[in-house]
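Student:
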Amino acid sequence: MSVAVGTADRVLGTVQTVSRHRVAGPASVFVGVAVAGTLVWFADPTTPGGIIPPCPTNALLHINCPGCGASRAVYCLLHGDLGGALHYNAVGVVALAFLAVAFVTYTVGLWRGRRVRGWQQWRYTPVTVLVVTLVWFLIRNIPISPFDSLKV
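Counting in the UniProt record's numbering, the sequence shown runs from 1 upward without gaps.
1) Below 8 Å on the Cβ atoms is my guess for residue 135 versus residue 118; work out the distance and round it to an integer in Å.
2) For residue 78, which residues from the same chain have a beta carbon less than 8 Å from its beta carbon, with the 5 sequence-adjacent residues on both sides left out?
3) Mind checking residue 24: buried by the 16 CB within 10 Å criterion, or exposed?
4) Can you confirm whether the region 54-61 touches the region 126-146 when touching is taken to mean that 3 or more C-beta pairs between the two stretches lie within less than 8 Å?
5) Between residue 93 and residue 85, is the Cβ-Cβ spacing less than 7 Å?
6) Does the separation of the CB atoms of residue 137 and residue 66 fall below 7 Å?
7) Quick test of your reading: residue 88 and residue 113, contact by CB under 8 Å. State the CB separation rounded to the nearest angstrom.
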């Protein structure tokens, strides 16, 4: 009889641990994103000489990396300016949308107890992300019109 009680206690402890994990994991990601968003909101990276430093690649090599303008794009998104965000880093805005969808599918799968397949499990996702990033990097640095308007 005592063996059954001990087993039930261990199973109950596992259930409680899993329940906390289902809430703590997504909650910690949400809090981290909220803190980063608050930092960007108050730092205002659109004005020169702010708290957030400039991109080291741009400062040292004078080229735009794929992430250049991402903090300014997030600032514009937080203020409801989608056009400004797309101007600063269009691929970054699309990537943020994909990351939000991935977070929601992961959280729903965690709460349901079974994985929900999202875009990140597709066969060619890694290659597609790599190709889009490299093409964005190259296109942003072409010094011919209309590509020169993509520099930030």
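Even glycine gets a Cβ: it sits at the ideal position worked out from N, Cα and C.
What you are looking at is a predicted structure, and each value in this text was computed from that prediction instead of being measured.
Tutor: On the basis of the coordinates in this document:
1) On the sequence shown, position 135 is the one that residue 135 refers to. On the sequence shown, position 118 is the one that residue 118 refers to. The Cβ separation is near 23 Å, so there is no contact.
2) Along the sequence shown, read from residue 1 onward, the residue named residue 78 stands at position 78. The answer, listed in chain order, is 37, 40, 41.
3) Position 24 of the sequence shown, counted from the first residue, corresponds to residue 24. So residue 24 counts as exposed.
4) no
5) In the sequence shown, residue 93 corresponds to position 93, counting from 1. In the sequence shown, residue 85 corresponds to position 85, counting from 1. Yes, the Cβ-Cβ distance between residue 93 and residue 85 is below 7 Å.
6) As a first step, residue 137 must be located in the sequence shown, where it is residue number 137. As a first step, residue 66 must be located in the sequence shown, where it is residue number 66. Against a cut-off of 7 Å, the Cβ pair of residue 66 and residue 137 comes out as a contact.
7) For the purposes of this step, residue 88 is taken as the residue at position 88 of the sequence shown. For the purposes of this step, residue 113 is taken as the residue at position 113 of the sequence shown. That belief does not hold up - the Cβ atoms of residue 88 and residue 113 are roughly 40 Å apart, past 8 Å.
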